[in-house]
Each structure stands twice: as structure tokens, then as C-alpha cells.
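Since the structure comes first, as C-alpha cells, the remarks are kept for the end.
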Amino acid sequence: MEISKEDVIHVAALARVQLSDAEAIKLQEDLSLIFGHFESLNEVDTAEVNPTLHVSGEQIILAREDLEESHQNLRKDQIQRPLSPNQVLHNAPRIEDGFIRIKGVLD
Amino acid sequence: MGVSMTVDSDIGSTAAQHAANFRSNAYTPTDLFEKVNAKITSQNENLNAFISFADEAALSAAENATQRIKSGENGALIGIPIAVKDLLNTAGQRTTAGSKMLEHFMPVQDSTVVQKLKDAGLVIMGKTNLDEFAMGSSNEYSAYGQVHNPWDLSRVPGGSSGGSAATVAARGVPLSIGTDTGGSIRQPAALCGVMGLKPTYGRVSRFGVVAFASSLDQVGPFSRDANDMADLLQVIAGHDEKDSTSSHEPVPNFKSTFDHGFDGVKIGIPSELLQEGVDDTVLESFEHAIHEFEASGAIINRDISIPSIKAALPVYYLLAPSEASANLARYDGVKYGFSALDGRNAEEVMSASRGMAFGPEVKRRIMIGTYALSAGYYDAYYLKAQKVRTVIQKEFNTALNEVDTILTPTTPTTAFEIGSKINNPIEMYLNDLFTLPANIVGLPALSTPCGFSDGLPIGLQMIGKAFGEADLIGYAHAYQSATNWHEFSPTNE
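Chains A and B are the protein sequences, given in the same order. Going letter by letter, the first sequence gives residues 1200 to 1306 in this note's numbering. Going letter by letter, the second sequence gives residues 239 to 731 in this note's numbering.
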């Protein structure tokens, strides 16, 4: 399987990962090799097979009144104390007046 | 074995031995904290197993444990030192995920597992080194330097939980916590000669664990023997309302199987998996272990078949990067983590931040995942892999209807030289051949030491039925009662 350098640059843009020229060349090689190996999946017949949605087959059961609490996967819909603004902003790279400051979204 | 039972002679003991020594007043958790702290700090010059060490809060925890012991509390792990993979959030203690992206990240909350450890009285001695975002099999992809294998410092400890395995092997701490997405607990356990367990998917909460591949990730314990492993799993297992994928399955007593032995236990060997690429010395130790089980009354079935098992490798290397590419989208240089700060607009800052702070393996996997999920390729790759996953799961279920456990070597080789596979991703990925299937099908699997080759440990893997951890730990306990492979310690202690 041949993946072009243009493919690599396009996918890097989708993933929002800036690559150097050397990185793009190396990834072109690696991805061609790795996706080549994926071709072997076609040897497994999956014509009548459903894709796995959850590995244990357990349903994610939302809060429902007719079900016992022990079988529900979501916590009760009760107001809980949220994180404080200070906690939320604690790790932000750049804050100003209680807001996160970023560069413009539009040029 | 410390005949005199002092903290100096017994510093490398198992958790159970420490617990007994606390109760006989040989030393206190506070004494042990000081000694272990000094030992792992000094060992780190050679091993680089830790990214950060215990803080003031850990000393307070040790002092608190000393009081709890004094007041007669019975908890098996009160005051026991433990190391935690630096992928689990620790409130007020830096959590890096082995990445430059989170170099200064300070969690405001504990992960559920860390909270449970603290409640049970364990003392967190530090955060262990790992491949960046848990992506790797050799620990060569940490932004904080390579972890070295205590059995041979020129070799890898395995990965991604390499630091957690190395410090238990070097008898720095008796217990540690790792995570396993494709073998990241079992493979380093095997290469470092300790025990490691990946529980059933959903057995342990993932809340507060830096996400890699959410349908495959699972937190689990490292220890030196089955007894300690049962005690640690007992602490961390169970449903968590903060993780809706954690299971409501009742948590059994993980030692309830300790007197079962092997009589009548049906063991399956998937022979098709052992035909190529496995070192002779690894196979030899594996066969010795099988004979041991047979001699103890187990029934060996070499005819079980999982015909599609070889597809596990491509399935894994599609699903894990696809999920990773979505999970790692959150690192945008805005809310937390590294930010390049400068750029013409928000998008440029984001791309530059990710380009500068992610290492080569993380970028490679984000690229694989983004490509596989991109328009026009979804059906051919991601959907196909999820279908093959269903096929593999059905084959495992069929096999596990015939046998109680499936045995394989944990890894095809012993620990390899640092640098020997770094330039060949496919060869590196092949190292996970035996461990990946359990993640794909969500089953529990453990690795326990079963021999040595040229002074390097070899691991035996046991895969069990869903939520059958007690059975697996029971088998390991019986095996360890009949052999002493788990008792050897490296010279680089």
C-alpha cells in the first residue's frame, strides 16, 4: 500500500499536528508499511458479522425509574459541587481576568 | 528473608511480610517510608523507574498508617509502599503521562484507583516512568528518559508500564499500579520477572486515568506473588459511578481460590500461535510450566483453536490508534498542557503545540488513527477491524467453553537491547502478539515468572474467563507454591 506525501500532509492537517519535512517523510514510509500489513484483515470473512460495540456486551443503562439502582450506569441526577473556577483554570497555559486567553479563531 | 526482622534487612519484602512485621512491632510504616524512599531514590540513578517521588502528603500518609496499625486496624495493605504509573491522576502531584505535553500538569482530583489506594492506607512513593501516553513496548518513548531493566541495564524493561515493573523487580516497592491497553502490564512484568495482571475490561475504574484507547485500557496490579496481587486487586476492583463502563459484576474474595490447586483444571494451548517467531528458550520454559501443571493434575488440551488470532495484531493497531487519535484531540494547547502560545490564530497554536510536545510514537499513532477514520477509509479499516474483533471474541468464547484457562508465553523473547527495535515499528509491535488478544476480547490475563534464559526472566501468560480473576490468581498461587521462579531477584537491586 502506497501512501503519498500529500496524504501525510493532509492527514497531519486534519489531526492538527505540525510536522517537519523529515517527520513527514518518515511517516510516509511507516504508514505505507503499517497499512500494508492491515491488508491481511481481508483474509477474515466478516460478511455476516456485526462490529463489536462494547467488548463485554454490557449495556450502558441510563438512569431509569423502572430499574433497580444497582443496574444503572449513570449516577443519580442530583446537583453536586462542581470544580471551582480556580481549579478549572489551574492548568491553563494563559489566563486573564478569570478567562482562558487564546489567539483569534478567525484571521 | 530477614531473620532479625529489621527495616534494613526486610526492606525488600513482600507486602504480606511487611504487614506481619508491622503487627509484630519490628518497624512502623513511617520507618519503612524513610528507607524505601532512600532506596528507590538511589536506585533511580540506574533504573530511571520514577518520574517523581513522594511528597509531604505521602509522609503524612505513612504517619497516619502507623497510627492505624497502632490502633489495631486489620487492613492487609495499611502502610504498604506502592508506586503508581504516571498515567493516573494524583491530586496536587504532577501527572505527566510520560509526555512533554503534560510536563507541568497538576491534577485537581485523584483518579478513583488512587483514591482507593489512599483509603486502604497504602503509601504512594512516587509516579513511575512509562512510554509517552502508554504507547510503546520498551519504554524508549518516554519524554523523561529510558527505564532500564534491573536484570541487565543495557536492556529494556518492556512497556508501557516499564517503571512500575522495574521498581517491583528491583525490590524498591512491593507493589505497583500499571495500565494495560495491549500488554502494557503483562509484557513488562514478564521482561522484569514479576507478576502482572490485566483485569477484565470494566473490573477496575478508569476515572482519572489519562485515556489512550478507551475500549481497551484497563488498570491493574504488579506484585511479586499471588497473595499480594489478590490483596491489591481487592482494593482497586469494583464499580465506580464516575466510570459508566465499569462493571456492576460483584467483586469476589480474590483469595477464595487459593486452596483449589490444579486437579482437574482444563488448560488450553493455542498451538497455532506458537509455530513461529518464538525463542526456543522461551518455548522450553513454557513447556516446563505445562509439565508442572500436568503433574499437578491439570488436563492439557493442545487442540484448542483460535483460527483468527493472528488478525489480533492488525485489529489492535487499527483500533488503538483510532481511539487514541480521538482521545488525544483534547490536547489543544488551550485548556491545559503544553502551549506553543505564538501563532497567527488558534489553529496554528494548536498544531504547533501538538507538533512540539508529542513524541514520534504518539504522532505515528495519531496519524494511523486519523488516516483510518478519515473519509472513505472508515469501512475498509475501522469497521472491518471491529468486525474481525467480533470474530476473535467468538473464537475465544468457544475455546473457553472447552477449557478453564488458555496458556501462552507472555512474550516471544526475553528483554531486548535498548535501541534494537526502535527503528522498526512492525518488529516492535510483534512483541505484543500474545498479549493483545486479551485486550481485544476484554478478558482477564496475568503473567507470572516461569524461568530464565541467559539470566533474563521469562513470563507465562494465563488468559481466563470474563471476571475470572480469582481463578487466574488461584492458578498462579498454585504454580508459585510448586516453583520458585517468582522468588529470584536481580543483582541490580
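For every residue, glycine included, the Cβ atom is placed at its ideal position computed from N, Cα and C. It should be emphasised that the depicted structure is a prediction, and the values quoted were computed from it without experimental measurement.
For Asp248 of chain B, the closest alpha carbon among the candidates B:Asp357, B:Arg409, B:Thr636 is that of B:Arg409. By the criterion of at least three beta-carbon pairs nearer than 8 Å, the stretch 1289 to 1299 of chain A is not in contact with the stretch 544 to 563 of chain B. Ser380 of chain B sits away from Val394 of chain B, with the two beta carbons spaced by 8 Å or more. Looking at the DSSP output, Leu413 of chain B bridges to B:Ile320. The beta carbon of Ser523 of chain B is closer than 6 Å to those of Cys688, Gly689, Ile696 in its chain, skipping five residues each way along the sequence. Using a CB distance cut-off of 8 Å, Glu1222 of chain A counts as an interface residue toward chain B. Taking the C-beta atoms as reference points, Leu326 of chain B is found nearer than 8 Å to Gly446 of chain B.
Counting the other Cβ atoms within 10 Å of the Cβ of Gln456 of chain B gives 16 or more, which makes it buried. Not flagged as an interface residue toward chain A: Lys436 of chain B, since no C-beta distance is shorter than 8 Å. Contact between Pro426 of chain B and Leu471 of chain B fails: their C-beta atoms lie close to 18 Å from each other, not under 8 Å.
Runs of the beta strand (DSSP E) lying entirely within the stretch 435 to 504 of chain B, each at least 3 residues long, are 457 to 461 in chain order. Under the Cβ distance rule, Ser589 of chain B counts among the residues neighbouring chain A, one pair being separated by less than 8 Å. Membership of Ala683 of chain B in the beta strand (DSSP E) is indicated by the continuous run 683 to 691. Taking a C-beta cut-off of 9 Å against chain B, the contacting residues of the stretch 1222 to 1236 of chain A are Glu1222, Lys1225, Leu1226, Asp1229, Leu1230, Leu1232, Ile1233, Phe1234, His1236, listed in chain order. Nearest in C-alpha terms to Glu370 of chain B, of all of B:Ser461, B:Gly597, B:Asp709, is B:Gly597. Here Lys308 of chain B is exposed: its Cβ has fewer than 16 other Cβ atoms, across all protein chains shown, within 10 Å.
Taking 8 Å as the Cβ-Cβ cut-off, the stretch 463 to 492 of chain B approaches chain A at Glu479, Lys480, Ser482, Thr483, Ser485, His486, given in chain order. Shortest Cα-Cα distance from Asn491 of chain B to any of B:Tyr667, B:Ala295, B:Ala475 involves B:Ala475. Under the Cβ distance rule, Gly420 of chain B does not count among the residues neighbouring chain A, no pair being separated by less than 8 Å.
A distance below 8 Å separates the beta carbons of Ala584 of chain B and Ile1301 of chain A. Distances from the CA of Ala1221 of chain A to each of A:Phe1237, A:Leu1213, A:Arg1215, A:Ile1208 were compared; the closest alpha carbon is that of A:Ile1208. Comparing alpha-carbon positions, the option among B:Trp389, B:Met588, B:Val442 lying closest to Pro682 of chain B turns out to be B:Val442. Collapsing the DSSP output to three states places Pro675 of chain B in a helix. Separation of Ser482 of chain B and Asp692 of chain B (C-alpha to C-alpha, rounded to the nearest whole angstrom) is 46 Å. As the crow flies, the alpha-carbon of Ala321 of chain B is around 27 Å from that of Glu487 of chain B.
Contacts with chain A at 8 Å (Cβ-Cβ) do not include Gly702 of chain B. Residue contact with chain A for Met344 of chain B: present (Cβ-Cβ distance below 8 Å to some residue of chain A). Secondary structure at Arg332 of chain B: coil, using DSSP grouped into helix, strand and coil.
If you compare the alpha carbons of B:Leu694, B:Ala714, B:Gly680 with that of Leu1252 of chain A, the shortest gap goes to B:Gly680. For Arg627 of chain B, the closest Cβ of chain A is nearer than 8 Å.
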